[in-house]
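**Q**
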Amino acid sequence: MKIKLLLLTLICLISSVAQATTPKSIIVFGDSFTDSGNLYYLSGEPSENPWFTNGRIGDGPNWADYLAEYYKHVPPMKASSYGGTNYAIGGADSSFGPGVWGLGSTGLQVTQYLSETTAIRGEGHILYTYWVGGNDILAMQELSGTINNISIQLQMLIDAGAKHFLIGNMIPIGLTPDGLAGGGGFNPYGISSAELNSLSASYNEALMELLNEIKCNHPSVYFYIQDNHQLLLDVLSDPLSYGFENITEPVTWYGGDPEVSLWWDGVHATSKYQALIAERSFNVIRHHKGGLRCMFADE
Numbered sequence: 156m157k158i159k160l161l162l163l164t165l166i167c168l169i170s171s172v173a174q175a176t177t178p179k180s181i182i183v184f185g186d187s188f189t190d191s192g193n194l195y196y197l198s199g200e201p202s203e204n205p206w207f208t209n210g211r212i213g214d215g216p217n218w219a220d221y222l223a224e225y226y227k228h229v230p231p232m233k234a235s236s237y238g239g240t241n242y243a244i245g246g247a248d249s250s251f252g253p254g255v256w257g258l259g260s261t262g263l264q265v266t267q268y269l270s271e272t273t274a275i276r277g278e279g280h281i282l283y284t285y286w287v288g289g290n291d292i293l294a295m296q297e298l299s300g301t302i303n304n305i306s307i308q309l310q311m312l313i314d315a316g317a318k319h320f321l322i323g324n325m326i327p328i329g330l331t332p333d334g335l336a337g338g339g340g341f342n343p344y345g346i347s348s349a350e351l352n353s354l355s356a357s358y359n360e361a362l363m364e365l366l367n368e369i370k371c372n373h374p375s376v377y378f379y380i381q382d383n384h385q386l387l388l389d390v391l392s393d394p395l396s397y398g399f400e401n402i403t404e405p406v407t408w409y410g411g412d413p414e415v416s417l418w419w420d421g422v423h424a425t426s427k428y429q430a431l432i433a434e435r436s437f438n439v440i441r442h443h444k445g446g447l448r449c450m451f452a453d454e
């Protein structure tokens, strides 16, 4: 009897993991790095704004678009404003209000999703992606408040039946063009590069502590970490191996070639770099099938 129960538990575990590695739907929450057209829609679909390309902030598809292409059963990524499953919007912070820039928040995104899609929440084969925090840092929001917001939003999704999450950590924002400049553009408070990097590192540490706590409380929930912090460090340390000839001058500032450039503007990356985010995300889900493991404080 015990053997049968063990086998049944193992089968259920394998089935749950398989649902994450072969999703049929991807639900997306985040900010401008992930937005597939919501900001463009709310901006009145400007036809002559060089900042947008097909509604994306950049020169082409972003990482969420590319990630969807890896899975044959997942439809092409589309913004929620156009009836899709990408709720991310440029300028979003982690709050439940209009956000630091008045453009929205992940709290509103999660709330909107849960109000619209009661029929599919508890089904398997759904991957939820969640990446936020950059605008909180650039607006000098309290870290404790940001982490509390994230905790509430993830718990809302878990309570609704979500089990498989791809969670993005923060790039070292101080290494972006606006970060290195120490002000201007998307860094209106003039935060130094060193401080931005420190804030990014503190955010990542607090985020991992939160995810560990949630994992320990919800063993059946899977967290896969999208290590955006390490990816940027890897590219900056050896740009040519990733196909980047220009890692300092944003395309929209100097008119460079986005096919060999890292930065689109002061903080946003080109589509070429976004494809790398998707590739690493796909590999994390595919190769680390167990996701984040619960680590107790005394381990």
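Residue numbers for the sequence shown follow my numbering, beginning at 156 and rising by one. Every residue gets a Cβ at the ideal spot worked out from N, C-alpha and C, and that includes glycine. Values in this document were obtained by computation on a predicted structure and should not be read as measured data.
Run the CB neighbour count on N352, radius 10 Å, all protein chains shown included, and call it buried at 16 or more, exposed below.
**A** Translated into positions along the sequence shown, residue 352 becomes position 197. Label assigned to N352: buried.
**Q** Which class does N107 belong to by DSSP, given the choice of helix, strand or coil?
**A** What is shown of the chain runs 156 to 454, which leaves residue 107 out entirely.
**Q** Assuming G340 contacts G421 (C-beta within less than 8 Å), just tell me the rounded distance between them.
**A** Position 185 of the sequence shown, counted from the first residue, corresponds to residue 340. Position 266 of the sequence shown, counted from the first residue, corresponds to residue 421. With 8 Å as the limit, G340 and G421 qualify as a contact, their Cβ atoms being about 4 Å apart.
**Q** Starting from F184 and walking both ways along the beta strand (DSSP E), at which residues does that stretch end?
**A** Numbered from its first residue, the sequence shown carries residue 184 at position 29. Run containing F184: 180 to 185, per the beta strand (DSSP E) assignment.
**Q** Quick check on the DSSP output: the alpha helix (DSSP H) that includes G300 runs from which residue to which?
**A** On the sequence shown, residue 300 is found 145 positions in, with the first residue counted as 1. For G300, the enclosing alpha helix (DSSP H) starts and ends at 298 to 314.
**Q** Buried or exposed for I169, going by 16 or more other Cβ atoms inside 10 Å?
**A** Here the question's residue 169 lines up with position 14 in the sequence shown. Bear in mind that the predicted position of I169 carries a pLDDT of just 37, short of 50, making it too unreliable to give a figure here.
**Q** For S187 versus L194, is the C-beta distance shorter than 8 Å?
**A** If you number the sequence shown from 1, residue 187 lands on position 32. If you number the sequence shown from 1, residue 194 lands on position 39. It is a contact, given that the beta carbons lie within the stated cut-off.
**Q** I need the boundaries of the alpha helix (DSSP H) containing T266, first residue and last residue.
**A** For the purposes of this step, residue 266 is taken as residue 111 along the sequence shown, with counting starting at 1. Element bounds for T266: 261 to 271.
**Q** Please determine, among G338, A219, F207, the residue with the shortest C-alpha to C-alpha distance to L321.
**A** Within the sequence shown, the letter at position 166 stands for residue 321. For the set G338, A219, F207, the Cα lying nearest the Cα of L321 is the one of A219.
**Q** What residue from F184, N217, L282 has the CA that sits closest to S149's CA?
**A** Outside the displayed range of the chain (156 to 454) lies residue 149, so it cannot be described from this structure.
**Q** Grab the span of the beta strand (DSSP E) containing Y377 for me, first residue to last.
**A** Numbered from 1 along the sequence shown, position 222 holds the residue referred to as residue 377. Its beta strand (DSSP E) spans residues 377 to 381.
**Q** May I ask you to report which of helix, strand or coil DSSP gives E454?
**A** Counting from 1 along the sequence shown, the entry for residue 454 is found at position 299. Any reading at E454 needs caution, since the residue's pLDDT is 45, under 50, leaving its predicted position unreliable; the model's value is listed next. Here E454 sits in coil by DSSP.
**Q** Whose C-alpha, out of P231, L282, G289, is nearest the C-alpha of G254?
**A** As a position in the sequence shown, residue 254 is number 99, starting the count at 1. Restricting attention to P231, L282, G289, the CA atom closest to the CA of G254 is found in G289.
**Q** Closer than 7 Å: is that where the CB of G300 sits relative to any heavy atom of the ligand ZN?
**A** No copy of the ligand ZN occurs in the structure displayed, which carries no ligand at all.
**Q** Beta carbon of L391, beta carbon of L335: below 8 Å?
**A** On the sequence shown, residue 391 is found 236 positions in, with the first residue counted as 1. On the sequence shown, residue 335 is found 180 positions in, with the first residue counted as 1. Their beta carbons are not under 8 Å apart, which means L391 does not touch L335 by this criterion.
**Q** In this structure, does DSSP put N352 in helix, strand or coil?
**A** Position 197 of the sequence shown, counting from 1, holds the residue named residue 352. Three-state result, N352: helix.
**Q** Ignoring anything shorter than 4 residues, give me the alpha helix (DSSP H) runs that lie fully in the segment 419 to 447, in order along the chain.
**A** 426 to 442
**Q** Can you give me the Cβ contacts of G245 inside the same chain, cut-off strictly under 7 Å, excluding the 5 residues immediately before and after it?
**A** Against the sequence shown, residue 245 aligns to sequence position 90. Excluding sequence neighbours, G245 sits near D186, S187, D190, L194, I212, L258.
**Q** Please name the residue in G238, N401, K233, A294 whose C-alpha comes closest to that of S347.
**A** The residue labelled residue 347 in the question sits at position 192 within the sequence shown. Checked all of G238, N401, K233, A294; the closest Cα to S347 is A294.
**Q** Assuming contact is defined by CB atoms lying nearer than 8 Å, are Y237 and G192 in contact in what I supplied?
**A** Numbered from 1 along the sequence shown, position 82 holds the residue referred to as residue 237. Numbered from 1 along the sequence shown, position 37 holds the residue referred to as residue 192. The answer is yes: Cβ separation under 8 Å.
**Q** Relative to the C-alpha of L386, which residue among A433, H280, P230 is closest?
**A** Numbered from its first residue, the sequence shown carries residue 386 at position 231. That would be A433, whose Cα lies nearest to the Cα of L386.
**Q** Is A219 helix, strand or coil by DSSP?
**A** Locating residue 219 in the sequence shown gives position 64, where the first residue counts as 1. DSSP places A219 in helix when its eight states are reduced to three.
**Q** Could you have a look at A317 and say whether DSSP puts it in helix, strand or coil?
**A** Here the question's residue 317 lines up with position 162 in the sequence shown. It is coil, neither helix nor strand.
**Q** Please work out which residues of its chain come closer than 8 Å, Cβ to Cβ, to Y226, disregarding the five sequence neighbours upstream and downstream, and give them in chain order.
**A** As a first step, residue 226 must be located in the sequence shown, where it is residue number 71. Excluding positions up to five away in sequence, the list reads T177, P178, K179, I181.
**Q** Which same chain residues, not among the five before or five after T284, have their C-beta less than 6 Å away from its C-beta?
**A** Here residue 284 corresponds to residue number 129 of the sequence shown, with the count starting at 1. Counting only Cβ-Cβ distances below 6 Å, and skipping sequence neighbours, we find V183, L321.
**Q** Report the residue from R435, A243, Q267, T407 whose alpha carbon sits nearest the alpha carbon of P332.
**A** Working through the sequence shown from its first residue, we reach residue 332 at position 177. The residue with the shortest Cα to Cα distance from P332 is T407.
**Q** Closest to G215 by C-alpha separation, out of S436, M450, A424, R435, would be which residue?
**A** As a position in the sequence shown, residue 215 is number 60, starting the count at 1. Answer by Cα proximity: A424.
**Q** Determine the DSSP secondary structure at N241, reduced to helix, strand or coil.
**A** Stepping through the sequence shown from its first residue, residue 241 is reached at position 86. Of the three classes helix, strand and coil, the one that applies to N241 here is strand, per DSSP.
**Q** Can you look up C449 in the DSSP assignment and give me helix, strand or coil?
**A** For the purposes of this step, residue 449 is taken as residue 294 along the sequence shown, with counting starting at 1. Coil at C449, not helix or strand.
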